[in-house]
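Reading through the structure tokens given below for one structure.
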Amino acid sequence: MLHATLPGIHSPPDPRDGTLTGSPTASGVQVGVAQISVDRTDVAANVERVIETLRAAAAGGHQLVVFPECVLTGYLFDSRAETRAAAIGAADPRIARIVQACAETSVHAVVGLLEEADGRVYNSALVLGPSGIIGRYRKQHLPYLGADRFVDPGADAAPRVADTPFGRVGVMICFDLRFPESARELALQGADLIAMPTNWPTGSDMLADHMTRVRALENLVYLAVADRADAEAGTRFMGRSQIVAPSGEVLADAGQDEGLFGASIDVRAARTKRLIKKPGEFELPVFAGRRPEMYGELTRPMAAGQ
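Numbering (numbering that gives the first Met the number 0), first residue to last: 0 to 305.
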């Protein structure tokens, strides 16, 4: 495991002003990314693996653990029928077992699954805490790959940032990383940390080497990415679960090993959106300097076929 220790956190302020402040509420926040294997034929076994990891996380002092994309159900299905059969609802008793483990360990978790809801199926991530489900995100950007070929895109415009005792946690999933608007929206909603469950296949090193660092740096947030290092349906996943600081520094990188990898973070570093190199002479208002009225093309749909 790799660790980088940074002290202190602050209470959540408004992310839209230039310099974010708050009074300290805790010393360090220990965040973990769980690079664990998944059995798409056995949800119960996946749930047990998640619970075991939460217990290990508690023993190591972690307050938050991010798990891979579809860690409960598996991901590589070849039809809508297979995908629907694999999906589980958020009210499933097996989810309740994970919530119970969160309560017993005082650890929060971000857990990926294929979610059945109101006759639809989503690629989702739940933010779980001792009190239950405190956040839910349904993947909005869907590649033509695995179960994403058959799920419905998330369309909920509600805030995607969950309040926890140690800071504000936003969620995006895998392919969302390629859309800078996703991370920026979470940062504008006040996320201190963006949790990103993913299923990166081998050959995706560019994402771990560069894109995660860029998303953290350009939004001045922490990014916690949980991938797998096993194989499913003939596809090998590359691992490289990681935790990245707002500076772009990689605090933890799991490589191809299975296990729980962590770093101690300071959310104050994610609440200063005005970089001051020399007061009055060299200041970078990263958020206050935005010009949304100039970005009209960002909200215009692409023409068919583009």
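Don't be surprised by glycine CBs; every beta carbon is placed ideally from N, CA and C.
Does the Cβ-Cβ distance between A219 and A269 come in under 8 Å?
It is Leu, not Ala, that sits at residue 219 in the sequence shown. Yes; because the gap between Cβ atoms is below 8 Å, this pair is in contact.
Alpha carbon of M301 to alpha carbon of P129, nearest angstrom
So the alpha carbons of these two residues sit roughly 42 Å apart.
Can you tell me whether M326 is buried or exposed, with buried defined as 16 or more other CB within 10 angstroms of its CB?
Residue 326 lies beyond the range of the chain shown here (0 to 305); nothing can be said about it.
From this set, V120, F174, I132, which residue's C-alpha is nearest Y143's C-alpha?
Among V120, F174, I132, the Cα nearest to that of Y143 is on F174.
Which of helix, strand or coil DSSP assigns to A269
Looking at A269 - three-state DSSP - the assignment turns out to be helix.
If I follow the unbroken beta strand (DSSP E) through L259, where does it start and stop?
Note, L259: beta strand (DSSP E), 258 to 264.
Could you name the residues of the same chain whose beta carbon sits closer than 7 Å to that of V46, not counting the 5 residues immediately before and after it, in chain order?
L71, R93, R96, I97
Rounding to the nearest angstrom, what Cα-Cα distance links E231 and V37 in this structure?
8 Å
So, helix, strand or coil for P45, using DSSP?
Per the sequence shown, the amino acid found at residue 45 is Asn instead of Pro. Helix, per DSSP.
Bridge partner(s) assigned by DSSP for T163:
G166
Please report the distance separating the alpha-carbon of E257 from that of C101.
In this structure, the CA atom of E257 is about 21 Å from the CA atom of C101.
My guess is that A116 and G88 are in contact by the Cβ rule of under 8 Å, so how many angstroms apart are they, rounded?
With 8 Å as the limit, A116 and G88 qualify as a contact, their Cβ atoms being about 6 Å apart.
Counting C-beta neighbours from all protein chains within 10 Å, is the total for S105 16 or more, i.e. buried, or is it exposed?
exposed
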